[in-house]
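Student: The working numbering numbers the first residue of the sequence shown as 5 and each following residue consecutively. C-beta: ideal position from N, C-alpha, C; glycine also. Quick caveat, the model's predicted, so the values are computed rather than measured.
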Amino acid sequence: MPSFGSCWAAQIGAVAAGGRCVAHPYGREMGIARKICLTPEGRGHPMYHGKPTVFDAFISHDDEVTHLPAGGVCLASNAYTSIQALSITHQGGVIWAVQYHPEYDLHELARLIHCRTRKLIDLSFFEARGRRDRLCGET
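What follows is the structure, encoded as structure tokens:
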């Protein structure tokens, strides 16, 4: 039975098996990742059985997997992050992981934006708290 994880789990899984993860050169990907596309391997992977080949997903990350380890397969990507989903077979174990957050909903995303307001203003996601409030509403 494979293990499953999101975000940091994809990064840790890749690094633990010999891959590479670095600070994303474009900076934080936050909010909704658009047009995540399954690779040919992803279209045939059981994790995506019955799923669309192009989709959007909630996301929040600063780092990205840049090199897969031996036994690693890229299952999905988008224009911002080349490895949005992966499968790694390593030393008898298997992990399926995604960079995005399938466990988030709109309330959780708004809560995270609210909690990270200062960082997001510093990164120019918002000019001020009022802009954040218009986006997130009540959290």
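Could you give the distance in angstroms between the alpha-carbon of residue 75 and the alpha-carbon of residue 93?
Tutor: The straight-line gap from Cα to Cα measures roughly 5 Å.
Student: How many Å lie between residue 143 and residue 115 at the Cα?
Tutor: Note that residue 143 scores a pLDDT of 45, beneath 50, so its modelled location is shaky and nothing firm can be said.
Student: Taking the alpha-carbon positions, what's the residue 20 to residue 51 distance?
Tutor: Their backbone Cα atoms lie some 21 Å apart in a straight line.
Student: Pick from 122, 45, 68 and 118: whose alpha carbon is nearest that of residue 104?
Tutor: Out of 122, 45, 68 and 118, 68 has the C-alpha closest to the C-alpha of residue 104.
Student: Looking only at C-alpha atoms, which of 83, 122 and 111 sits nearest to residue 37?
Tutor: Among 83, 122 and 111, the Cα nearest to that of residue 37 belongs to 83.
Student: Go through its chain and collect everything with a Cβ distance to residue 62's Cβ below 7 Å, but skip five positions before and after it.
Tutor: Within the same chain, residue 62 has close Cβ partners 36, 104, 105, 108 and 113.
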